[in-house]
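Each remark here refers to the structure printed beneath this line.
Number of protein chains: 2
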Amino acid sequence: MESKILKYLSKYTSITKELENAVNESAFFKTYKKGTILLKEGSFSNECYFILDGCIRSYFLKDGEEKTIEFYTEEDVVTPANYGKSTPSRYYLECIEDTVVNVGNPTIENEMYQKYPQLESLSRVIAEVILTKQQESFTEFKTSTPEERYLNLLKTKPDLLQRVSQYQIASYLGITPESLSRIRKRIVYE
Amino acid sequence: MESKILKYLSKYTSITKELENAVNESAFFKTYKKGTILLKEGSFSNECYFILDGCIRSYFLKDGEEKTIEFYTEEDVVTPANYGKSTPSRYYLECIEDTVVNVGNPTIENEMYQKYPQLESLSRVIAEVILTKQQESFTEFKTSTPEERYLNLLKTKPDLLQRVSQYQIASYLGITPESLSRIRKRIVYE
DNA sequence: TGAACTCATTGACTTAAGTTAAGAAATCAA
DNA sequence: TTGATTTCTTAACTTAAGTCAATGAGTTCA
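Taken in order, these protein sequences are the chains called A and B. Read in order, the letters of the first sequence correspond to residues 2 to 191 in this note's numbering. Read in order, the letters of the second sequence correspond to residues 2 to 191 in this note's numbering.
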């Protein structure tokens, strides 16, 4: 067990030796400098990523402002909404740190699913797990005040606040940078 | 092509005759009266649903208030977050109309996946599509004001506003019933 | 080194959502 | 049909987020 991606997959099921070899062989690494744009709004996507190290942010522009959709870090899977589709992307993907990833593409992915049905089964399970987590995040967001959302982030992803600039955190929380600044001040003196 | 569930699946891929028969045979119908609780907070779940007719609402209690997570209607799949797991549910599922569903359970589901790998492949694809939609809803919610969220709902699911009481819509939009009432008034006179 | 930028903070003001309470309208059931 | 209950609306008030503008702290780089 050397590769991070196998470690990740083995959380969900036991991996056969054969599949292990296949995953290792098809694992394709890439390294990006901080600031690299992996996907632009309006363009197409044929790549998905498994993050080994670093941080990727998805965002789009609304009224000239960057609205952060999500931050992805180590062990996260980044699959653009238009991955493998002939529709233009609604958002950007940007490396906000130097980032190392395994890259996948639809061709290899589908070949792998053909050869290893166990892998597709695993993908189904993982997709369902991520979907459940996503729904829980959404619910938490919907039923919380901005201050509660910030406190929750502090609790669940404290590292993110060290790694990411505050105005990006603010838009991720659905508020203005000024508001986040005031919330932080308020918390200190409470 | 008689069954609604096959019509739904065939949107994503072509269904073999064999699979069609299997789906038809394993399709298990149930009808619930309006007001039926399908799942209680704290209890376990061994059922998922494909809605043929009617409406199911998921919600939980926070500070004694019902917080609506989601409304599911015709052609929607309802899979509780703890479906097939030994963890208690965080939320309720309630039929808010007389509702007709196809019921699934983990045993049958896994048997079907064993027999028909094509079906599991399809489930993966569908899970990914739902995940993408879910993320788009979340993003839309995060970057909108309550008024914009209401207008968006009016545009995307106008039928829901006819079928569901306003205070449930309000909590679904993450606001109070009073606020929704004011928003509606504001829109009329703008 | 110092000029230009970026980012975070603060203040004054505006706006809209939350809260509490009361009453009107609609729905349900005896 | 009427009385009870639920749902929706309205009003007065509070609170906090948004907006706009200014300033300060840190960075970058020419």
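Beta carbons are placed, not taken as given, at the ideal position from N, Cα and C, and that holds for glycine. Since the structure is predicted, the reported quantities are computational estimates derived from the model, not experimental observations.
Anticipated Cβ contact below 8 Å, residue i with residue j, distance rounded
| i | j | result |
| --- | --- | --- |
| L162 (chain B) | L155 (chain B) | 7 Å |
| Y33 (chain B) | S59 (chain B) | About 15 Å; that fails the 8 Å criterion. |
| E98 (chain B) | G55 (chain B) | 5 Å |
| A23 (chain B) | A128 (chain A) | At roughly 22 Å, the Cβ-Cβ gap does not stay under 8 Å, so A23 (chain B) and A128 (chain A) are not in contact. |
| K47 (chain B) | P89 (chain B) | According to the sequence as given, residue 47 (chain B) is Asn; it is not Lys. No, N47 (chain B) and P89 (chain B) are not in contact; Cβ-Cβ is about 13 Å, not under 8 Å. |
| F61 (chain A) | E42 (chain A) | 6 Å |
| V79 (chain A) | I109 (chain A) | Not really, about 16 Å apart at Cβ, beyond 8 Å. |
| S122 (chain B) | E121 (chain A) | 6 Å |
| E21 (chain A) | L7 (chain A) | 6 Å |
| Q135 (chain B) | L181 (chain A) | With 8 Å as the limit, Q135 (chain B) and L181 (chain A) do not qualify as a contact, their Cβ atoms being about 25 Å apart. |
| S27 (chain A) | M113 (chain A) | 6 Å |
Identified DSSP bridge partners for residue i
| i | result |
| --- | --- |
| I57 (chain A) | A:Y73, A:C96 |
| V78 (chain A) | A:F51 |
| K63 (chain A) | A:E66 |
| I38 (chain B) | B:E95 |
| F142 (chain B) | Note: F142 (chain B) sits in no beta bridge, so no partner. |
| V102 (chain B) | B:K31, B:I52 |
| Y84 (chain B) | B:S46 |
Chain B within 8 Å of residue i, Cβ atoms only
| i | result |
| --- | --- |
| K12 (chain A) | no |
| Q167 (chain A) | no |
| I170 (chain A) | no |
| Q136 (chain A) | yes |
| G55 (chain A) | no |
| E175 (chain A) | According to the sequence displayed, residue 175 (chain A) carries Gly and not Glu. Chain B, which has a Cβ nearer than 8 Å to the Cβ of G175 (chain A), makes this yes. |
| M2 (chain A) | Note that M2 (chain A) has pLDDT 49, beneath the 50 cutoff, so the model's placement of it is unreliable and no number is given. |
Short CB-CB distance (under 8 Å) between residue i and chain A
| i | result |
| --- | --- |
| E19 (chain B) | no |
| A82 (chain B) | yes |
| T140 (chain B) | yes |
| I70 (chain B) | yes |
| G105 (chain B) | no |
| G85 (chain B) | no |
Residue environment, residue i, which counts as buried when at least 16 other CB atoms sit within 10 Å
| i | result |
| --- | --- |
| V165 (chain B) | buried |
| F29 (chain A) | exposed |
| I52 (chain B) | buried |
| K143 (chain A) | buried |
| K12 (chain A) | exposed |
| E189 (chain B) | At residue 189 (chain B) the sequence reads Val, which differs from the Glu that was named. Looking at its Cβ environment, which holds fewer than 16 other Cβ atoms inside 10 Å, V189 (chain B) is exposed. |
| P81 (chain B) | buried |
| Q115 (chain B) | exposed |
| T140 (chain A) | buried |
| T69 (chain A) | buried |
| T100 (chain A) | buried |
| E179 (chain B) | exposed |
| E19 (chain A) | exposed |
| S124 (chain A) | buried |
| N25 (chain B) | exposed |
| N65 (chain A) | In the sequence as displayed, the identity of residue 65 (chain A) is Gly instead of Asn. Burial call: exposed. |
| R187 (chain A) | exposed |
| G105 (chain A) | buried |
| I16 (chain A) | buried |
| I184 (chain A) | buried |
| S172 (chain B) | buried |
| I38 (chain B) | exposed |
| N103 (chain B) | buried |
Residues that residue i contacts on chain B, provided the C-beta gap is smaller than 9 Å
| i | result |
| --- | --- |
| Y114 (chain A) | S122, R125 |
| P118 (chain A) | P118, E121, S122 |
Listed by chain order, chain A residues near residue i by CB distance under 7 Å
| i | result |
| --- | --- |
| T133 (chain B) | A82 |
| A128 (chain B) | R125, A128, E129, L132 |
Residue i Cβ short of 7 Å to the ligand ADP heavy atom set
| i | result |
| --- | --- |
| L154 (chain A) | With respect to small molecules bound, the structure shown includes none, and the ligand ADP cannot be examined in it. |
8 Å Cβ cut-off: residues of chain B touching residue i
| i | result |
| --- | --- |
| K63 (chain A) | T144 |
Chain A residues whose Cβ lies nearer than 9 Å to that of residue i
| i | result |
| --- | --- |
| G43 (chain B) | Per Cβ cutoff of 9 Å: no residues; G43 (chain B) is ~16 Å from chain A at best. |
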